[in-house]
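In order, the protein sequence lines correspond to chains A and B.
All letters in the first sequence, in the order written, are residues 7 to 108 by our numbering.
All letters in the second sequence, in the order written, are residues 7 to 108 by our numbering.
Here's the structure we're looking at; comments come further down.
Protein chains: 2
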Amino acid sequence: MTDTDEVTQVGTLQEVLAAVSDPVRLEMVRRMYAEGGPAPCAQLYDGVSKSTASHHFKILREAGVTDRSVIGGQTHQRLRLDDVEAEYPGVLSSILAARPAR
Amino acid sequence: MTDTDEVTQVGTLQEVLAAVSDPVRLEMVRRMYAEGGPAPCAQLYDGVSKSTASHHFKILREAGVTDRSVIGGQTHQRLRLDDVEAEYPGVLSSILAARPAR
DNA sequence: ACCTCGGTTTGATAATCATCGAACCGAGTC
DNA sequence: GACTCGGTTCGATGATTATCAAACCGAGGT
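What follows is the structure, given as structure tokens:
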């Protein structure tokens, strides 16, 4: 069973940039991207508490960067790469392509 | 007479993203880009005080996104587009290409 | 009915950050 | 020297924001 939330618009460029400018959230985005599809929340972060993670998921969702869907009773997060690319071509993809380490 | 500050490294991806995620700073970056070269501080912002602007310039500089140089006694800011592109290809350019309004 | 499991919401706290005015500084100019 | 002009630095203040623990909630399982 797949139950998807109402799909919202991609946010402003500022919102998107602010969303990914947080290290915890960028890591989440990277992992969702690596996953290639809806991923259960648990494996998208570590180092922060459940509630903090949920807070970050919300910000990503409100910026239109991610989706939430319930698959088999479990909440999953999904990167809306295509939607963001359609709105701001190259922005998210180039960020994902950047070498992460420094 | 051109007097340029010591050139620093481009900062981490996080630093760059955080730098441009502020509306005032993104506008500064856009104007510098439009200028195509070193631009006097004054015409890179409006709506904030001199000291606030100076603060934002500093953050952009520390992120390695901009340069400071003194031309004929006047301080100028310059977008280090090539340097940032070399480090994180496509990131800054796609942000600049994004349609600003919403 | 009870319990666990995954996730969200609610306060609350602490830290970060944008903002300003005022003082300061260096280079010109008068 | 005195004065402006463009810019920076210094505190200080207020607003955001990241963080957590605790309470809560819905879906399954037993």
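Every residue gets a Cβ at the ideal spot worked out from N, C-alpha and C, and that includes glycine.
Given the structure is predicted, the values throughout are model-derived calculations rather than measurements.
Proximity winner among the options, relative to residue i (alpha-carbon distances)
i, options, result
"residue 3(A)", "39(A), 42(A), 76(A)", "Absent from the model: residue 3(A). The displayed extent of chain A is 7 to 108, so no value can be given."
"residue 31(B)", "65(B), 41(B), 11(B), 78(B)", "65(B)"
"residue 104(B)", "103(A), 100(A), 101(A), 96(A)", "96(A)"
"residue 143(B)", "41(B), 89(B), 34(B)", "Beyond the ends of chain B as shown, which are 7 and 108, falls residue 143(B); an answer cannot be given."
"residue 25(B)", "80(B), 79(B), 72(B), 78(B)", "72(B)"
"residue 102(B)", "19(B), 38(B), 21(B), 20(B)", "38(B)"
"residue 20(B)", "54(A), 84(A), 29(A)", "29(A)"
"residue 84(B)", "62(B), 42(B), 78(B)", "42(B)"
"residue 80(B)", "45(B), 63(B), 40(B)", "45(B)"
Nearest-angstrom Cα separation, counted from residue j out to residue i
i, j, result
"residue 93(A)", "residue 14(B)", "33 angstroms"
"residue 47(A)", "residue 58(B)", "39 angstroms"
"residue 60(A)", "residue 52(B)", "37 angstroms"
"residue 36(A)", "residue 33(B)", "27 angstroms"
"residue 54(B)", "residue 78(A)", "51 angstroms"
"residue 108(A)", "residue 56(B)", "Interpretation of residue 108(A) is limited by its pLDDT of 48, a score under 50 that renders its predicted location unreliable; no figure is taken from the coordinates."
"residue 63(B)", "residue 62(A)", "28 angstroms"
"residue 82(B)", "residue 40(A)", "42 angstroms"
Rounded distance between the beta-carbons of residue j and residue i, thought under 8 angstroms
i, j, result
"residue 17(B)", "residue 91(B)", "Between residue 91(B) and residue 17(B) the Cβ distance is about 14 angstroms, and since that is not below 8 angstroms, they are no contact."
"residue 11(A)", "residue 86(A)", "Wrong, their Cβ atoms sit about 12 angstroms apart, outside the cutoff."
"residue 27(A)", "residue 99(B)", "In fact, because the Cβ distance is near 18 angstroms, the residues do not count as touching under 8 angstroms."
"residue 23(A)", "residue 23(B)", "6 angstroms"
Could you run through the segment 67-99 of chain A and flag, in chain order, every residue whose CB is less than 7 angstroms away from some CB of chain B?
-> Of all residues in the segment 67-99 of chain A, 94, 95, 96, 97 have a Cβ within less than 7 angstroms of some Cβ in chain B.
Quick one, which residues of the segment 38-69 of chain B are near chain A if we go by CB-CB under 9 angstroms, in chain order?
-> Within the segment 38-69 of chain B, no residue has a Cβ that lies closer than 9 angstroms to any Cβ of chain A.
What are the start and end residues of each continuous beta strand (DSSP E) run of 3 or more residues lying completely inside the segment 32-106 of chain B, in chain order?
-> As far as the segment 32-106 of chain B is concerned, its whole beta strand (DSSP E) runs of at least 3 residues are 72-77, 80-85.
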